[in-house]
Ligand code: IMP
Ligand code: MG
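Residue numbers (my numbering): 2 to 193.
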């Protein structure tokens, strides 16, 4: 999704972060806890764990999470079509960039920034199962239980948040705010 410069500037100017949902300290504690849970769950594997991040939202979480997983692993990424610059999930998910490697017969951990309606993750999970991994588990940094439409089981879950639009720590609005080291709620003003 390409944004023209004026629209992008207005977005960054006209909205403000009104509340912190996950502080920087809580972010770090959560990532440490998840890394420890994942390390304990897998123990010794025959081959490296394959950690797969869904771009772009998961890139910061992935970078922090893999450093807290104390077993051998490899990483790969996949890009799916997303909201564009809006805040409503369409449920229409397409693969924009596929994985580099085959996941057949591998232990796979899928990593998401946030599970909202769950539609994206449920489609990706189905797609991944068709590729016959040895095992498939899912991890998300944020979870919005109140917004759930698709029924999915999250194996490693970071923080439950209320049904509000979150930005920061990888999550964006119109591609902005991803670099914030905490998660906040964006109060939407005018995009004009
Ligand atoms: P779902 O298919 O509704 O679960 O939404 C999945 C994707 O929508 C996530 O991977 C995010 O990229 C995006 N998303 C959902 N909720 C939020 C939010 O509160 N802030 C930013 N992005 C979100
Ligand atoms: Mg995402």
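From the three backbone atoms N, C-alpha and C, an ideal C-beta is built for every residue, glycine too. Bear in mind the structure is a predicted one, so any value in this text is a computation, not a measurement.
Here the segment 97-104 makes no contact with the segment 22-29; the two share fewer than three CB pairs at distances below 8 Å. Residue 188 is bridged by DSSP to 17. Residue pairing by DSSP places residue 136 opposite 108 in a beta bridge.
The bridge partners DSSP lists for residue 113 are 141. Of all alpha-carbon atoms in 18, 50, 37 and 38, the one lying nearest the alpha-carbon of residue 134 is that of 50. Taking a 10 Å sphere around the C-beta of residue 121, we find 16 or more other C-beta atoms and assign the residue as buried. Shortest Cα-Cα distance from residue 128 to any of 79, 66 and 45 involves 79.
Distances from the CA of residue 81 to each of 75, 123, 170 and 168 were compared; the closest alpha carbon is that of 123. A distance below 8 Å between beta-carbons, with the five flanking residues on each side excluded, links residue 141 to the following residues of its chain, in chain order: 112, 113, 114, 115, 116, 122, 155, 157, 158 and 159.
The residue from 63, 76, 41 and 57 with its alpha-carbon nearest to that of residue 96 is 57. Checking the 7 Å criterion, the Cβ of residue 119 is within range of a heavy atom belonging to the ligand IMP. Counting along the chain, residue 31 sits inside no beta strand (DSSP E); it lies in the alpha helix (DSSP H) bounded by residues 25-43. DSSP places residue 65 in the uninterrupted alpha helix (DSSP H) bounded by 60-67. Distances taken from the Cβ of residue 155 to the heavy atoms of the ligand IMP include none shorter than 7 Å. In the structure shown, residue 118 adopts coil according to DSSP, grouped into three states. Per DSSP, residue 181 lies in no beta strand (DSSP E) and is assigned neither H nor E.
Judged by DSSP in its simplified three-state form, residue 53 adopts strand.
Taking the Cβ of residue 126 as the reference point, every heavy atom of the ligand IMP lies at 7 Å or farther away.
Residue 190 has its alpha-carbon roughly 31 Å from the corresponding atom of residue 54.
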